[in-house]
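Here is the structure we will look at, set down as C-alpha cells.
2 protein chains.
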Amino acid sequence: MSEAASLPAVQARIGDSEFDRDTAVTRRETGVYDIDLSAGWTIISAVNGGYLLAVLGRALADALPHADPFTISAHYLTASHPGPAVVRTDVVRSGRTLSTGTASLFQYDDAGREVERIRVLASYGDLDALPDDVRTTAVPPVIPPMDQCFGPEDGPAPVPGGSAITDRLMLKLDPATLGWALGAPSGKGEMRSWFGLADGRDADPLSLLLAVDALPPTAFELGLSGWVPTVELTVHVRSRPAPGPLRVSITTRNLAGGFLEEDAEVWDSADRLVAQSRQLARARLA
Amino acid sequence: MSEAASLPAVQARIGDSEFDRDTAVTRRETGVYDIDLSAGWTIISAVNGGYLLAVLGRALADALPHADPFTISAHYLTASHPGPAVVRTDVVRSGRTLSTGTASLFQYDDAGREVERIRVLASYGDLDALPDDVRTTAVPPVIPPMDQCFGPEDGPAPVPGGSAITDRLMLKLDPATLGWALGAPSGKGEMRSWFGLADGRDADPLSLLLAVDALPPTAFELGLSGWVPTVELTVHVRSRPAPGPLRVSITTRNLAGGFLEEDAEVWDSADRLVAQSRQLARARLA
C-alpha cells in the first residue's frame, strides 16, 4: 500500500486523539489519579506495557514540576486488565533542572482491595530547555520505504491473536524482520518498523513511551513462539520528536537463562534519535 | 607488567575483602540499615556510584526474599559523601521467582535532618535457579592481554585527580581507549578494561554493580574533560560470574542535548555475558 493510504482522512492532533483520551487521568486528590484502562490497547487479553507506561508517565507529568520524562523505569508486578485503575504518585525530589518521583498503578481484586500492577521510578525535566548540541555517532535504522513494509492490515496478520492495539497503531514492519510471520524466523534478534498512531496524531514524549514497546517481540525472530512478559522497562527520552512517522528498531543480543533484553531505538522524521530503551523480559523457550 | 604481578600475594575471599567490609550494612530494624560510607571508593571527592549501588543492593538482598539483583535501577538525587548513611528499604512485592523492592540512601545535613541521596527500584531473584540455556549472539570485547594494558599504577595516571578508588581496583585499560590520557582522545565513545578487585576477591552479583560504573567515562574519549554525573543507572545481572578477571566494555552512541548514555557489558573468564547496564549521565560540554 502507499504511504498516503496509511494516513487517516482527518489527522488527529496532540491532545485530541485516541491515545490522549485513553491515557487521560483524573486527579482524585493531590498525587492520586483515576483512570479507566482502555480495552483498545490490548494484545490478546494483556494490556500493552507501553500504553500502561504512558498512563503512569502522564500522571507523573502532572504530579512533578517538570513535564517531560527524561528517564523512566517501570517494574511490572502483576498483569493489568482493561477497567478501573488508580495511580498513586510521590514526589521524591524537586530540583531546578530535574525532578524525581515514583508512581504505582493499582487495580482491584474481587474483594475491592487494591493490587499493585506496576511500580515506576522516574526523573523528569524540560526537553525544550536542553542545548541543541548533537554529537551522536548512532545512525538511523535502514528500513525500506513504507509501501514496501507490511502491517496487520496487509495480512497474514504479523501480530498473532486478536490484538485490539493493532487498530490504534500505524505499524509497517520491515520484511527483513518478518520471517517469523511466514514460519521462517531469521534467527536474528531484530525487529524494525515504521511507527505512528492510527489516527495520525504526531508523536510526543508520552507516545514515545508507547513506541518502544509496541512492536512484535524480537523473540519471534529468534524462533520463540510464546509470549515475552516484561519484567522491567527503562526509557530515556532524549529529544522532542518532530512531526511525521517514527522509525523503531529493536535488538536482542543476550537470550540466556530464560531471560532476554530488548533494546529499542526510536528515530524521528528529522533523523534524530529521540528515545532509547531497554527492557528485561522472560523468554518462554519453545 | 605481567598478569601475575597484578594479583595480590594473598587473595581475598568473597565475604572477607575490602569490598565486603565497605559495603557491609548493619540492620537497625526491619528494613532499615546503617552504613559508614568508606572514603576508599571516592573519585576526587565523589563517592563512586557503583560502590553506592552495591551498598543499596546489599541492603535489598537482606530485605527481600531473593538474594540476587536481576534488574536494579538507581536515580542519583544528591552527591554522597564518605561517612554515616542510612538505607531504608520497602518490599513492593514478594513473588515465587522474583521479588521487587525499593531502597533509599540518606545522609544527614548540618541540622541532622535526613537528605536523600539515591532512590532505587529493583527486582531480585535466584541466579542459581535459572536454566542453563545460552543463545546469546553477543561476542566478548576484544581487549589485549593484561600485560599490554595500562592501569593507574602504570602512570601517567589514566584516572585524573586523586582517586582513592584506584587503590581498591585492578583496572587494566585497553590502550585503544586511552587516547584521552595522552591528550589525543579517539573521538569514539568506547572504554574497555580488564576489571577486578585489588585484593583479588572474585566477582559476585554485588560486585558486578560496581564493575559497570568503575571505568573512566567514555566522555573522555569523546573529548570532554569535565565530570559526567550519573542521573540514572540500570543494571541487569544475567549470570553468576565465574572466578577470574572480568572484561568490561562501555560504549556511548548518543551524546546530545547535554546528556549521554553509557552502555556497559561485563564478561566473565568463561566468556559469559554476566551483566548489562545503561546509564543516563549529564555531559558537561567543554
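First to last, the protein sequences are chains A and B.
So for the first sequence, the numbering used here puts the first residue at 160; every next one is plus one.
So for the second sequence, the numbering used here puts the first residue at 160; every next one is plus one.
Even for Gly, the Cβ is constructed at its ideal location relative to N, Cα and C.
For this session: Taking only beta carbons into account, state which residues of the region 287–316 of chain A come closer than 7 Å to chain B, listed in chain order.
Result: The region 287–316 of chain A vs chain B, Cβ under 7 Å: L289, P290, D292, V293, R294, T295, T296 and A297.
Exercise. Do you know whose CA, among L439(A), I277(A), P300(A) and T411(A), lies nearest T377(A)'s CA?
Worked result: On the first sequence, position 218 is the one that residue 377(A) refers to. Per the Cα distances, T411(A).
Exercise. If you pair each beta-carbon of the region 389–408 of chain A with each one of the region 348–357 of chain A, do three or more pairs fall below 8 Å?
Worked result: Touching, yes.
Problem set entry | For G216(A), the nearest candidate out of P364(A), S428(A) and A171(A) (CA to CA) | To locate residue 216(A), count along the first sequence from 1; it is residue 57. Answer by Cα proximity: P364(A).
Problem set entry | T259(A) beta carbon less than 9 Å from that of R441(B) | Within the second sequence, residue 441(B) is the residue found at index 282, counting from 1. Within the first sequence, residue 259(A) is the residue found at index 100, counting from 1. With respect to T259(A), R441(B) sits apart: the two C-beta atoms are not nearer than 9 Å.
Problem set entry | Sheet register partners of L419(B) (DSSP bridge) | Position 260 of the second sequence, counting from 1, holds the residue named residue 419(B). Under DSSP, L419(B) takes part in a beta bridge, and its partners are L414(B) and A440(B).
Exercise. CB of K347(B) to nearest heavy atom of the ligand GTP: below 8 Å?
Worked result: For the structure depicted, the ligand GTP is absent and the ligand set is empty, with no information on it obtainable.
Exercise. What are the residues that DSSP puts in a beta bridge with A409(A)?
Worked result: Taking the first residue of the first sequence as 1, we reach residue 409(A) at position 250. Residue identity differs from the one stated: residue 409(A) is Ile in this sequence, not Ala. M350(A) and A423(A).
Problem set entry | Sheet register partners of M305(A) (DSSP bridge) | Residue mapping note: residue 305(A) aligns to position 146 of the first sequence, counting from 1. Paired residues: none, contrary to the question.
Exercise. If you run the structure through DSSP and keep just helix, strand and coil, what is T185(B)?
Worked result: Working through the second sequence from its first residue, we reach residue 185(B) at position 26. Three-state DSSP puts T185(B) in a strand.
Exercise. If L439(B) and T230(A) are in contact, beta carbons under 8 Å, what's the gap, nearest whole angstrom?
Worked result: Position 280 of the second sequence, counting from 1, holds the residue named residue 439(B). Position 71 of the first sequence, counting from 1, holds the residue named residue 230(A). Yes, they are in contact, since the Cβ atoms of L439(B) and T230(A) sit about 5 Å apart, within 8 Å.
Problem set entry | Residues that DSSP places opposite E312(A) in a beta bridge | As a working mapping, residue 312(A) is identified with position 153 in the first sequence. E312(A) is bridged by DSSP to nothing; it lacks a bridge partner.
For this session: Under the assumption that T170(A) contacts G417(A) (Cβ atoms under 8 Å), give the Cβ distance between them as a whole number of angstroms.
Result: Counted from its first residue, the first sequence places residue 170(A) at position 11. Counted from its first residue, the first sequence places residue 417(A) at position 258. Note on residue identity: the sequence assigns Gln, not Thr, to residue 170(A). Between the beta-carbon of Q170(A) and that of G417(A) there is about 43 Å, and that puts the pair past the 8 Å contact cut.
For this session: Report the residues of the region 187–210 of chain B with a CB closer than 7 Å to any CB of chain A, ordered along the chain.
Result: For the region 187–210 of chain B, which is checked against every Cβ of chain A, not one residue is closer than 7 Å.
Exercise. From S176(B) to G242(B), what does the alpha carbon distance come to, in whole angstroms?
Worked result: Here residue 176(B) refers to the residue found at position 17 of the second sequence. Here residue 242(B) refers to the residue found at position 83 of the second sequence. In this structure, the straight-line span from the alpha carbon of S176(B) to that of G242(B) is close to 19 Å.
Problem set entry | Cβ-based neighbour list, A233(A), same chain, cut-off 6 Å, excluding 5 preceding and 5 following | Counting from 1 along the first sequence, the entry for residue 233(A) is found at position 74. The residues are L212, I277, V279 and L392.
Exercise. Can you tell me where the beta strand (DSSP E) with L264(A) in it begins and where it stops?
Worked result: As a working note, residue 264(A) is residue 105 in the first sequence. L264(A): member of the beta strand (DSSP E) spanning S258 to Y267, first to last residue.
For this session: Please report the residue range of the beta strand (DSSP E) in which R278(A) lies.
Result: As a position in the first sequence, residue 278(A) is number 119, starting the count at 1. Run containing R278(A): E273 to G284, per the beta strand (DSSP E) assignment.
Exercise. Helix or strand or just coil, what does DSSP make of R397(B)?
Worked result: Locating residue 397(B) in the second sequence gives position 238, counting from the first residue. Shown here, R397(B) sits in coil according to DSSP, grouped into three states, outside any helix or strand.
Exercise. Looking at the structure shown, is S161(A) part of a helix, part of a strand, or coil, going by DSSP?
Worked result: Taking the first sequence and counting its residues from 1, the one referred to as residue 161(A) is at position 2. No answer about S161(A) holds up, because its pLDDT of 42 lies below 50 and its placement is not dependable.
Problem set entry | the region 328–346 of chain A / the region 303–315 of chain A touching (three or more Cβ pairs under 8 Å) | They touch, by the three-pair rule.
Exercise. In chain order, which continuous runs of the beta strand (DSSP E) of length 3 or greater are located wholly inside the region 189–247 of chain A?
Worked result: Listed in chain order, they are 191–196 and 227–235.
Exercise. Would you say L374(B) reaches chain A, if we count a Cβ-Cβ gap shorter than 9 Å as a contact?
Worked result: Locating residue 374(B) in the second sequence gives position 215, counting from the first residue. Using a Cβ-Cβ cut-off of 9 Å, L374(B) does not count as an interface residue toward chain A, since no Cβ of chain A sits closer than that to its own.
For this session: State the start and end residues of the unbroken alpha helix (DSSP H) segment that holds L369(B).
Result: The count along the second sequence starts at 1 and reaches residue 369(B) at position 210. Element bounds for L369(B): P364 to A370.
Problem set entry | Contact belief for P402(B) with S428(B) at Cβ below 8 Å, rounded distance in angstroms | In the second sequence, residue 402(B) corresponds to position 243, counting from 1. In the second sequence, residue 428(B) corresponds to position 269, counting from 1. For a cut-off of 8 Å, the C-beta gap from P402(B) to S428(B) is around 7 Å, short enough to register as a contact.
Problem set entry | Cβ shell of A163(A) (< 6 Å), same chain only, five flanking positions each side left out | Here residue 163(A) refers to the residue found at position 4 when the first sequence is read from its first residue. At A163(A) the pLDDT is 44, less than 50, meaning the model places this residue with poor confidence; the figure from the coordinates comes in the next sentence. None.
For this session: List the residues of chain B that S282(A) touches, going by C-beta distances under 7 Å, in chain order.
Result: Along the first sequence, read from residue 1 onward, the residue named residue 282(A) stands at position 123. Contacts between S282(A) and chain B, judged by CB atoms closer than 7 Å, involve H234, V390 and E391 in chain order.
Exercise. Per DSSP, G355(B) forms a beta bridge with which residues?
Worked result: Numbered from 1 along the second sequence, position 196 holds the residue referred to as residue 355(B). Beta-bridge pairing links G355(B) to M329(B).
Exercise. How about R252(A): is its C-beta nearer than 9 Å to some C-beta of chain B?
Worked result: As a position in the first sequence, residue 252(A) is number 93, starting the count at 1. Chain B, which has a Cβ nearer than 9 Å to the Cβ of R252(A), makes this yes.
For this session: Determine the direct distance from the alpha carbon of S263(A) to that of A183(A), and round the result to whole angstroms.
Result: Reading the first sequence from its first residue, position 24 is the one you call residue 183(A). Reading the first sequence from its first residue, position 104 is the one you call residue 263(A). Near 16 Å, if we compare the C-alpha coordinates of S263(A) and A183(A).
For this session: Report back the beta-carbon spacing between G209(A) and D313(A) to the nearest angstrom; my notes put them in contact at under 8 Å.
Result: Against the first sequence, residue 209(A) aligns to sequence position 50. Against the first sequence, residue 313(A) aligns to sequence position 154. 22 Å between Cβ atoms; not a contact.
Exercise. If you measure beta-carbon to beta-carbon, which residues of the region 269–281 of chain B are closer than 7 Å to chain A?
Worked result: Of all residues in the region 269–281 of chain B, E275, R278 and L280 have a Cβ within less than 7 Å of some Cβ in chain A.
Problem set entry | Nearest-angstrom beta carbon gap, V396(B) and A434(B) [assumed within contact, 8 Å] | The count along the second sequence starts at 1 and reaches residue 434(B) at position 275. The count along the second sequence starts at 1 and reaches residue 396(B) at position 237. Right, the Cβ-Cβ distance comes to about 5 Å (below 8 Å), so this counts as a contact.
Problem set entry | Contact under 9 Å by Cβ, S282(B) with V274(A) | On the second sequence, residue 282(B) is found 123 positions in, with the first residue counted as 1. On the first sequence, residue 274(A) is found 115 positions in, with the first residue counted as 1. Result no, Cβ atoms of S282(B) and V274(A) do not sit closer than 9 Å.
For this session: Answer yes or no: do D361(A) and I173(A) have a C-beta to C-beta separation smaller than 9 Å?
Result: If you number the first sequence from 1, residue 361(A) lands on position 202. If you number the first sequence from 1, residue 173(A) lands on position 14. For D361(A) and I173(A), yes; Cβs fall inside 9 Å.
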